[in-house]
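**Student:**
2 protein chains.
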Amino acid sequence: MGSDADFAERLRATGLRVTKPRLAVLAALSELAHADTDGIIGAVRRELPSVSHQAVYDSLRTLTDAGLVRRIQPTGSVARYESRVGDNHHHVVCRLCGEIADVDCALGDAPCLTASDDSGFLIDEAEVIYWGLCPDCATARTPTSTDLT
Amino acid sequence: MGSDADFAERLRATGLRVTKPRLAVLAALSELAHADTDGIIGAVRRELPSVSHQAVYDSLRTLTDAGLVRRIQPTGSVARYESRVGDNHHHVVCRLCGEIADVDCALGDAPCLTASDDSGFLIDEAEVIYWGLCPDCATARTPTSTDLT
DNA sequence: AGCTTGTCTTGACTCATTCAAGATTACGCG
DNA sequence: CGCGTAATCTTGAATGAGTCAAGACAAGCT
């Protein structure tokens, strides 16, 4: 799911310098989906024990600006990052445990991009966050579907 | 657009105590759309100069939990609140100035609530944020539509 | 009016994220 | 292959939204 050479190539293609922190961040993101900065720092330090948190923050910012990673930040959560970009996909967030999963858009390529009334805005992206309960939390809450009051 | 008596009624109907900070917060929100906490504190203190910021935070949390106000938090922004609730509407956010406007959903009552693959989640809400440029920023950037390269 | 419980004040604190200054490193060039 | 320069990283401090906690206060029931 991505080698270092692969990541290096992606960086060069975007005109970015190839540095160890950036490679490690890309590697971390290819393993961890929707990781927060802290988790990314942890993963990165497994390879490069001495990276500064600042380098990770910088890398994430740079990679995000370059479009190589995507930042998402559901209400009430810290920033999270994912390396799946370019396709138009959305997220489901569990209200209880915060678990996040990917969701392909139901409407094809550019879903919902047509707001009924755009107030004069030039819209270029529609970001959708679905809220609900993940399978585990849903089960924990209503063990059987029979105890609904 | 809402008197104190009106707000008090809404609070009682939800089983909440009627307090000055809460009334002031509701009043502030009926004037300011999509205000952040700081703006709300400012507005509230115009009526009640001595409210603590904590009271405002508490009120906002309580009112949000009760469903009387809605919290939104676009990536990169602090928490913002609005009193328009119950209808299913979304937001456009300007990438440059952060301006937010309301958008009615294009798809009727429960838009996009059907994800193509819900990963087993029990989805109960779809939150949509449109990203783009507000009229002002769009104009500032491409004064005439003729200088497109 | 008095009681009880929820709410507010005050003030300290957390923690994600940013800022700043100087040391290092990537990489184009000779 | 080694240099120079600008970008990047390290270190360490600062910012700021939001939270926590203890005690004072007040809303609403009786």
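Just so you know, the sequences run in chain order A and B. Per the working numbering, the very first residue in the first sequence carries number -5; after that it's consecutive. Per the working numbering, the very first residue in the second sequence carries number -5; after that it's consecutive. Ideal Cβ placement from N, Cα and C applies to all residues, glycine included. If you're wondering where the values come from, they're calculated on a predicted model, not measured in any experiment.
1) Check the Cβ-Cβ distances between B:Phe115 and every residue of chain A, and say whether any is below 7 Å.
2) In the DSSP output, which residue or residues are listed as bridge partners for B:Val122?
3) Quick one: list the residues of chain B neighbouring A:Pro15, beta-carbon separation under 7 Å, in chain order.
4) Could you tell me how far apart the beta carbons of B:Asp112 and A:Trp125 are, in whole angstroms, since I believe they sit closer than 8 Å?
5) Using only alpha-carbon positions, find the residue among B:Arg64, B:Leu127, B:Ile123 and B:Asp130 that is nearest to B:Ser24.
6) Using the Cβ count rule (16 or more neighbours within 10 Å means buried), how would you classify B:Ala134?
7) Reducing DSSP to helix, strand and coil, say where A:Asp98 ends up.
8) Could you name the residues of the same chain whose beta carbon sits closer than 6 Å to that of A:Ala18, not counting the 5 residues immediately before and after it, in chain order?
9) On the CB-based measure, 16 or more other CB atoms within 10 Å of its CB, does A:Thr56 come out buried or exposed?
10) Would you please state the rounded distance, in angstroms, between the beta carbons of B:Phe115 and A:Cys128? I believe it to be under 8 Å.
11) If I measure Cβ to Cβ from B:Ala95 and keep anything under 6 Å in the same chain, skipping five residues before and after, which residues do I get?
12) Measure from the C-beta of B:Gly126 to each C-beta in chain A and report whether the shortest distance is under 7 Å.
13) Compute the distance between the beta-carbons of A:His47 and A:Ile34, then report whether it is under 7 Å.
14) Whose C-beta lies closer than 7 Å to the C-beta of A:Asp30 among residues of the same chain, with five residues either side of it excluded?
15) Would you kindly report the start and end of the unbroken alpha helix (DSSP H) that includes A:Arg74?
16) I believe B:Ser53 touches B:Arg16 by the beta-carbon criterion, under 8 Å. Please report the beta-carbon distance rounded to the nearest angstrom.
**Tutor:** Answer, in terms of the structure:
1) yes
2) According to DSSP, B:Val122 bridges with A:Val122.
3) Those do not exist, as A:Pro15 stays about 22 Å from chain B at its closest Cβ, beyond 7 Å.
4) Not quite, the Cβ-Cβ distance comes to about 12 Å (not below 8 Å), so this is no contact.
5) B:Arg64
6) exposed
7) strand
8) So the list reads Val38, Glu41 and Leu42, once near-sequence residues are dropped.
9) Under this definition A:Thr56 is a buried residue.
10) 6 Å
11) Val86
12) B:Gly126 counts as touching chain A.
13) no
14) Cβ within range, chain order: Val72, Ala73 and Arg74.
15) Element bounds for A:Arg74: not the alpha helix (DSSP H) but the beta strand (DSSP E), Arg74 to Glu76.
16) 5 Å
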